[in-house]
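Before any comments, here is the structure.
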C-alpha cells in the first residue's frame, strides 16, 4: 500500500501484510525462530486444557459459572455441531476432535481483540492450513476409506449411482478436485481471510485516528480523529462476532466433511 498524504510534510502509511510478519521472540538460526503467533498457539492450548480440567474437577448438580460455561460449550459442540453434521450413530468418537477444533480456533481468534495478545493467530495462513490439511483432511478421508474400502469410497464420492455416463468423467474430475484439493484449502482460507481482514481494518482505524490526533496540524483533521476511534470500537465488536462465527463455521464444516464421508449416500 502507498502512503496517504494528510499534511504538508506528514504522511500516513496504512498497515499492510508486513505488519502481520512479526519479528521472532527468539531464535533465528537453522532450526528457525519462535514467534508471537507460535507462543499464542501454546498459550491457547494451556488455557483450553486448564479451563476444562479445572471446570470439571468438582462437578455439581447446580453448576457454578465455570462449570456452566464449560458445559454450554460442550453441549453446543456435541449437539449443534457434531451430532447434527455427523449423525447420532457416528458422532461420539469424533466429539473430542470437533470440540477441540472449535475451542482452539475460537480462543486463537479472540486473541485478536484481547489486550496484550492483540493478534488473531489464524491471521497467519500456516495455522488454519495445518489444521485443515494435517488434521481434518486425513481424518475424514480415513474414516471414509475405513468404512467403504478404497474402491468403495472412491466410487461413492466420484461415481455415485444416478449420474449419467456421458456426464461422469466431468463430474468425477470436479468431485475429485473438490474433495481432495479445494475443500481443505477453502476450509483454511475462509477463517484466515476473515481474521486477516478484520484485524487489518481495526488497525487502519486505530492507527489512522491516532495519526490524525497527534501528527496533523489542522484542527479539522484533529476533530475527525474521534470518528476513526469510534469506528475502531464498532469494528472490534463486529470482529468479536465474526471470530466466534468463524470458529463455529470451521468446526461445522469439519464435522460436515466427516459426516459426508461416512454417509451411505453422496
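In the numbering used here, the protein residues as written are 348 to 613. Don't be surprised by glycine CBs; every beta carbon is placed ideally from N, CA and C. Note that the structure is predicted; figures quoted are calculated from it, not measured.
| Item | Value |
| --- | --- |
| Is the CB-CB distance between residue 581 and residue 362 below 8 Å? | no |
| Reducing DSSP to helix, strand and coil, say where residue 497 ends up. | helix |
| At the level of alpha carbons, what is the spacing between residue 414 and residue 558? | 45 Å |
| Quick one: what's got a C-beta closer than 8 Å to residue 388's C-beta in the same chain, skipping five residues either side? | 455, 468, 474 |
| Starting from residue 425, follow the alpha helix (DSSP H) in both directions and report where the run begins and ends. | Looking at the DSSP string, residue 425 is not in any alpha helix (DSSP H), and its letter there is neither H nor E. |
| Mind listing, in chain order, the continuous alpha helix (DSSP H) runs of no fewer than 4 residues lying wholly within the segment 426-481? | 430-433, 442-457, 473-477 |
| Quickly, what does DSSP pair residue 381 with across the bridge? List them, please. | 373 |
| Where does residue 490 land, buried or exposed, given buried means 16+ other C-beta within 10 angstroms? | buried |
| Taking 8 Å as the cut-off, does the segment 478-492 touch the segment 564-581 (at least 3 CB pairs, one atom from each stretch)? | no |
| Starting from the C-beta of residue 355, find all residues in its chain whose C-beta is less than 7 Å away, skip the five residues before and the five after it, and write them out in chain order. | With a pLDDT of 45 at residue 355, under the threshold of 50, the predicted position of this residue should be treated as unreliable, though the coordinate-derived value follows. Cβ neighbours of residue 355 beyond the five flanking positions: none. |
| Is the segment 421-435 touching the segment 505-515, taking contact as three or more C-beta pairs under 8 Å? | no |
| With distance defined between alpha-carbon atoms, name the residue in 540, 571, 541 nearest to residue 555. | 571 |
| Can you give me the C-alpha to C-alpha distance between residue 369 and residue 497, rounded to a whole angstrom? | 44 Å |
| Just how far apart, CA to CA, sit residue 385 and residue 510? | 47 Å |
| Go ahead and label residue 445 buried or exposed: buried means 16 or more other beta carbons lie within 10 angstroms of its beta carbon, across all protein chains shown. | buried |
| Would residue 579 and residue 448 qualify as a contact pair, given that the criterion is a beta-carbon distance under 8 Å? | no |
| Taking the alpha helix (DSSP H) that residue 514 falls in, what are its first and last residues? | Where residue 514 is concerned, there is no enclosing alpha helix (DSSP H), given that its DSSP letter is neither H nor E. |
| Please identify the residue among 575, 382, 573, 602 whose C-alpha is closest to the C-alpha of residue 466. | 382 |
| If you drop the 5 nearest sequence neighbours on each side, which residues of the same chain put their C-beta closer than 6 Å to that of residue 457? | 590 |
| Label residue 611 either buried or exposed according to how many other C-beta atoms from any shown protein chain fall within 10 Å of its C-beta, with 16 as the threshold for buried. | exposed |
| Check residue 613 in the structure and name its three-state DSSP category. | Any answer about residue 613 is weak, because its pLDDT of 47 lies below 50 and its placement is not dependable; what the coordinates show is given next. Coil at residue 613, not helix or strand. |
| Please say whether residue 592 and residue 534 have beta carbons closer to each other than 8 Å? | no |
| Can you have a look at residue 479 and say buried or exposed, based on whether 16 or more other CB atoms are within 10 angstroms of its CB? | buried |
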